[in-house]
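Undergrad: Could you have a look at this structure, given as structure tokens, before my questions?
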């Protein structure tokens with residue numbers, strides 16, 4: 001058995017679940033790219049793949065993750081997976097999917113390449129399903145890593161083969177999403193993904209930026225702790241740099257030295273100039 005997940009934290013909790021239930025034992029493979037953001041039009045073609053790679057190079061510039069682009073190779077991961085499926089017709093692949101745009105977009109990207117293996121590929125979608133948290137309360141997880149390892153014993157019962165109909169319809173849905181050419185994709189329920197423009201989250205990001213300078217890592221940590229936003233820190237920084245170009249946000253520091261000493265604040269220059277003129 002081979003398990004597919006879309007977050008490193010998902011892989012860790014799934015491995016812990018395997019220690020409790022040997023029937024889950026198998027390889028755990030992570031799809032590392034975040035297909036909920038960035039261009040995905042013609043992504044299986046060389047130029048579409050390169051367009052996405054160029055976008056990521058821009059987004060990752062001067063970030064702590066700059067070197068990760070060279071080791072992020074989901075294409076090779078799928079190539080190796082397909083070879084394993086060809087070599088072993090009894091191999092089952094379980095795709096674990098939380099109720100969030102990151103996982104669902106990853107599912108669309110992946111399954112569209114596995115149509116030749118219908119019957120071997122299974123999906124487990126945590127769609128509006130209740131689980132028990134550490135305090136004994138009921139909750140509805142958006143991400144797999146929010147589920148306790150022992151609760152995976154219940155979750156495994158959700159495994160079902162991806163149907164022939166889904167292998168026909170879902171790749172068309174993914175192609176439609178790509179043609180919309182939005183840079184942000186959000187989940188509206190079920191597996192319905194809706195494309196949005198690049199600045200879709202800007203208002204929520206801006207709400208955490210103060211008039212006075214604050215360290216960029218501290219600001220990002222506040223968003224992680226207090227916001228319901230489920231987007232990566234590197235995407236947020238890219239959006240803030242775009243807002244800087246628009247005169248909305250200001251930065252202090254040297255980007256070449258990384259994020260550590262960068263400071264971010266609202267750009268109130270225009271407002272100050274207006275008051276002074278009056």
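Numbering (full-length UniProt numbering), first residue to last: 1 to 278.
All residues carry an ideal CB built from backbone N, CA and C; glycine is no exception.
(1) Please return the same chain residues whose Cβ sits closer than 7 Å to the Cβ of residue 138, not counting the five positions on each side in sequence.
(2) Contact between the region 59-71 and the region 88-105: three or more CB pairs below 8 Å?
(3) Where residue 201 and residue 87 are concerned, what is the direct C-alpha to C-alpha distance, given to the nearest angstrom?
(4) Determine the DSSP secondary structure at residue 103, reduced to helix, strand or coil.
(5) Between 253, 14, 98, which lies nearest to residue 187 when the distance is taken from Cα to Cα?
(6) Return yes when the Cβ of residue 126 is within less than 8 Å of the Cβ of residue 149, no when it is not.
(7) What is the residue span of the beta strand (DSSP E) that residue 287 lies within?
(8) Check whether the region 39-51 and the region 5-23 are in contact - that is, three or more C-beta pairs closer than 8 Å.
(9) Going by alpha carbons, who is nearest to residue 28 out of 183, 214, 157, 4?
(10) If the criterion is Cβ atoms closer than 8 Å, does the pair residue 234 and residue 112 meet it?
(11) Whole angstroms is fine: what's the gap from residue 154's alpha carbon to residue 262's?
TA: Concretely, from the data shown:
(1) Taking residue 138 as the centre and dropping the five residues before and after it, the same chain places the C-beta of 130, 132 closer than 7 Å to its C-beta, in chain order.
(2) The region 88-105 and the region 59-71 do not touch, with fewer than three beta-carbon pairs separated by less than 8 Å.
(3) So the alpha carbons of these two residues sit roughly 44 Å apart.
(4) Helix at residue 103.
(5) Comparing Cα positions, the closest option is 98.
(6) No.
(7) Summary: the structure shown does not reach residue 287, with the chain confined to residues 1 through 278, and so no result is reported for it.
(8) When C-beta atoms of the region 39-51 are compared with those of the region 5-23, fewer than three pairs fall below 8 Å, so the two segments do not count as touching.
(9) Among 183, 214, 157, 4, the Cα nearest to that of residue 28 is on 4.
(10) The criterion of a C-beta distance shorter than 8 Å is not satisfied by residue 234 and residue 112.
(11) Using only the alpha carbons, I get a separation of about 45 Å.
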